[in-house]
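Colleague: Its first residue numbered 79, the sequence shown is counted upward by one per residue in my numbering.
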Amino acid sequence: MSEFTIRPMLADELKIAIDWAAREGWNPGLNDAELFYLADPNGFFVGELNGEIVAVGSAVTYDHTYAFCGLYIVAPKHRGKGYGVTLTNHRLAYCGDRNVGIDGVLENVEIYKRVGYVPYYQNKRFQKLANATALSAQVIDVTKEYTPHLLAYDKPCFGAAREQFLAAWLSQPQGKSVCFLQNGEIKGYAVRRKCQEGYKVGPLFADSPDIALSLFQALQVDIQGEQIILDVPENNPQAISLAESERMDVVFATMRMYQKTIPATARDKIYGITTFELG
Numbered sequence: 079m080s081e082f083t084i085r086p087m088l089a090d091e092l093k094i095a096i097d098w099a100a101r102e103g104w105n106p107g108l109n110d111a112e113l114f115y116l117a118d119p120n121g122f123f124v125g126e127l128n129g130e131i132v133a134v135g136s137a138v139t140y141d142h143t144y145a146f147c148g149l150y151i152v153a154p155k156h157r158g159k160g161y162g163v164t165l166t167n168h169r170l171a172y173c174g175d176r177n178v179g180i181d182g183v184l185e186n187v188e189i190y191k192r193v194g195y196v197p198y199y200q201n202k203r204f205q206k207l208a209n210a211t212a213l214s215a216q217v218i219d220v221t222k223e224y225t226p227h228l229l230a231y232d233k234p235c236f237g238a239a240r241e242q243f244l245a246a247w248l249s250q251p252q253g254k255s256v257c258f259l260q261n262g263e264i265k266g267y268a269v270r271r272k273c274q275e276g277y278k279v280g281p282l283f284a285d286s287p288d289i290a291l292s293l294f295q296a297l298q299v300d301i302q303g304e305q306i307i308l309d310v311p312e313n314n315p316q317a318i319s320l321a322e323s324e325r326m327d328v329v330f331a332t333m334r335m336y337q338k339t340i341p342a343t344a345r346d347k348i349y350g351i352t353t354f355e356l357g
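#1: Take T332 as the anchor and find which of L248, N201, A296 has the nearest alpha-carbon.
#2: Would you mind stating whether G125 and A133 have Cβ atoms separated by less than 9 Å?
#3: Can you have a look at Q205 and say buried or exposed, based on whether 16 or more other CB atoms are within 10 angstroms of its CB?
#4: Using a Cβ-Cβ cutoff of less than 8 Å, which residues in the same chain neighbour L108 once the five nearest sequence positions on both sides are dropped?
#5: Would you give the residue range spanned by the alpha helix (DSSP H) that I84 belongs to?
#6: Please name the residue in Y349, E241, Y231, A239 whose C-alpha comes closest to that of L259.
#7: Provide the residue(s) that pair with M335 in DSSP beta bridges, ordered along the chain.
#8: What are the start and end residues of the alpha helix (DSSP H) that includes S292?
#9: Please confirm whether G262 and I307 have their CB atoms less than 9 Å apart.
#10: Grab me the residues of Y150's own chain with a C-beta within less than 6 Å of its C-beta, minus the 5 sequence neighbours each way, in chain order.
#11: If we count the other Cβ atoms within 10 Å of its Cβ and call it buried at 16 or more, is K347 buried or exposed?
#12: Below 8 Å, can you find three or more Cβ-Cβ pairs linking the stretch 183 to 203 to the stretch 237 to 247?
#13: Between which two residues does the beta strand (DSSP E) holding I218 run?
#14: For the beta strand (DSSP E) holding T139, just list the boundary residues, first then last.
#15: Would you mind sorting Q302 into buried or exposed? The rule is 16 or more other CB atoms within 10 Å of its CB.
#16: Starting from the Cα of A117, find the closest Cα among V299, Y140, E312, P106 and give me that residue.
#17: On the DSSP letters alone, give me the boundaries of the alpha helix (DSSP H) that Y172 sits inside.
#18: Considering only their Cβ atoms, is the gap separating E304 from L207 smaller than 9 Å?
#19: Would you grab the beta carbon distance between P311 and I351 for me? Rounded to a whole angstrom, and I think it's under 8 Å.
#20: Taking the beta carbon of V220 as the centre, do at least 16 other beta carbons fall within 10 Å, making it buried, or is it exposed?
#21: Return helix, strand or coil for Q260, following the three-state DSSP convention.
#22: Considering only C-alpha positions, which residue in the set F114, A344, G174 is nearest to T143?
#23: Beta strand (DSSP E) containing V279: first to last residue?
#24: Cutting at 6 Å between CB atoms, please list the residues of its own chain near A344, excluding the five before and the five after it.
#25: Quick check on the DSSP output: the alpha helix (DSSP H) that includes V299 runs from which residue to which?
#26: Taking A290 and L248 to be in contact with their CB atoms under 8 Å, please state how far apart those CB atoms are, rounded to whole angstroms.
#27: What does a CB cutoff of less than 8 Å around A111 pick up in its chain, not counting 5 residues either side in sequence?
#28: Cβ of Y349 within 9 Å of Cβ of L297?
#29: Tell me, please, which residues DSSP counts as bridged to E126.
#30: Closest to V217 by CA distance: which of T83, A246, G182, I264 is it?
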C-alpha cells in the first residue's frame, strides 16, 4: 500500500526543488537553492511516496504576521492524486495564523481559491535584451556598510523584515546590487542575479520612477545584449509604465493572492518584486 508522508526538506535537497523548477521553465537563479534556504530553514518541505520525493513546496515565515508559500511542484507522473493538496494544507498549517501570500500561476487560480487564497493583482514578467549605456553618478554599488540602511529601506516595501536572507541576497556570487544615494540617504536599491538563462532583477524598490529607471539601467550597462527580466506588480501603474518605456515584453504572469488581506506595503515604491517563490 502506498504511503504519502511529508517532512522538512534538508538543505542539500533544495537543489532538487530548484532542478524541478528549471524543468518547469521557471529559470531559477544559479544560487537560489542556498539563498532561499536562508529565508526560513524550517519552511521547506518534501512529500514522499514510499521514500521517493514526489512533491516539494516552501512556506517561508518572515515574522509572526506574514508568510509566503512557493516553490510548489508535484512530479508530473504523480499529479492529480491529491498529494499537492495534502502538501499545501501541511504548509498552511506550518504558517499558523499568519497572512500567507503566493504568486499562483493563472490557470490554477480557482484551485488556490478553494484553499482560502484571495486574488488581488497580477505580477507580470517583462523581459528584453539589456541595452542601457547611461549610468547615473548617484547610483553606486552596494557595499557592506550600506547593508543596515538597505534592510531598513526594504522592510516597508516588502512588508516584513528579512535580514539574513537579504544580506546574502545582496552579496550573492555573480550578482550585482546597486543603490541610489541622494544627499547621503538611500532612495532606492536593486539586485540582479544570474539565472540559467539571462539575468533577473529583483527587488527593484525606489522612491520615484526616475530613480527606479536609473537603478534598472545601471544593472544593464555591463551585460548589454544579455536577456534581462523584471517581475512587475500591476498594482503600481508607474512600474508597468517603466517596463513599457524600456520596450520590454510580457512573457508570463502570476496572480498575487493572500489568505487574509493585501498587506500594507509601500506599493508605490515597488517596481520589481524579489522572486515569485519568496514574494
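We treat Cβ as the ideally placed atom computed from N, Cα and C, and that holds for glycine. This one's a predicted model, so the numbers in the text were calculated from it and none came from an experiment.
Modeller: Concretely, from the data shown:
#1: N201
#2: yes
#3: buried
#4: P251, Q252, R271, K272, C273, Q274
#5: Counting along the chain, I84 falls outside any alpha helix (DSSP H), though it belongs to the beta strand (DSSP E) covering 82 to 86.
#6: Cα-wise, what sits closest to L259 is Y231.
#7: I180, P197
#8: 287 to 296
#9: no
#10: G135
#11: buried
#12: no
#13: 217 to 219
#14: 130 to 139
#15: exposed
#16: Y140
#17: 161 to 173
#18: yes
#19: 6 Å
#20: buried
#21: strand
#22: G174
#23: From DSSP, the beta strand (DSSP E) with V279 extends over 277 to 284.
#24: P234, C235
#25: No alpha helix (DSSP H) holds V299; DSSP gives it neither H nor E.
#26: About 18 Å separates the two Cβ atoms, so there is no contact after all.
#27: L92, K93, A95, I96
#28: no
#29: The beta-bridge partner set that DSSP reports for E126 consists of T83, I131.
#30: I264
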